[in-house]
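I have placed the structure first, in the form of structure tokens, so that the comments after it can refer back to it.
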Amino acid sequence: MTSTVTATQAREQFADIINRVVYRGEQFIIEKKGKPVARIVMIEEKQKETITKNEPDQGLMLLKKLSQYNAKGLPKDLAQNHDKYAWGGE
Numbered sequence: 702m703t704s705t706v707t708a709t710q711a712r713e714q715f716a717d718i719i720n721r722v723v724y725r726g727e728q729f730i731i732e733k734k735g736k737p738v739a740r741i742v743m744i745e746e747k748q749k750e751t752i753t754k755n756e757p758d759q760g761l762m763l764l765k766k767l768s769q770y771n772a773k774g775l776p777k778d779l780a781q782n783h784d785k786y787a788w789g790g791e
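Residue numbers (my numbering): 702 to 791.
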């Protein structure tokens, strides 16, 4: 069964929606401003295996990349290496 909910409803009822997908096999279409923008469905077993195998490596790579920057998206060593970042020098 497929149900349609607004983005606001999905946010407010997220845990319930996930439980209904997992335990009842339901599907949900999420609408924003009256237009469908996302679908929540159960992941098939083959997809689960692929995600499980690939995600840890991808997640670690992303964390390593993000750890080079501070919360504002600036390099952590900006103060020490201002000229390098400002002028492209070494």
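Ideal Cβ positions, reconstructed from N, Cα and C, are used throughout, including at glycine.
Could you work out which residue in T707, I719 and G735 is closest to I741 when comparing CA atoms only?
Residue numbering aside, residue 741 sits at position 40 when the sequence shown is read from its first letter. The shortest Cα separation from I741 among T707, I719 and G735 belongs to I719.
Express the C-alpha separation of K785 and D717 in angstroms, rounding to a whole number.
Within the sequence shown, the letter at position 16 stands for residue 717. Within the sequence shown, the letter at position 84 stands for residue 785. When rounded, the distance between both Cα atoms is 51 Å.
Return the first residue and the last residue of the alpha helix (DSSP H) that Q728 is part of.
The count along the sequence shown starts at 1 and reaches residue 728 at position 27. Counted as a single uninterrupted DSSP element, the stretch harbouring Q728 is not any alpha helix (DSSP H) but the beta strand (DSSP E) occupying residues Q728 to K733.
Which partner residues of A739 appear in the DSSP bridge assignment?
Walking along the sequence shown from the start, residue 739 turns up at place 38. When beta bridges are read from the DSSP output, A739 appears opposite I731.
With a threshold of 8 Å on Cβ separation, who are the neighbours of T703 within its own chain once the five nearest residues in sequence on each side are excluded?
The residue given as residue 703 occupies position 2 in the sequence shown. Here the set comprises E727, Q728, F729 and I730.
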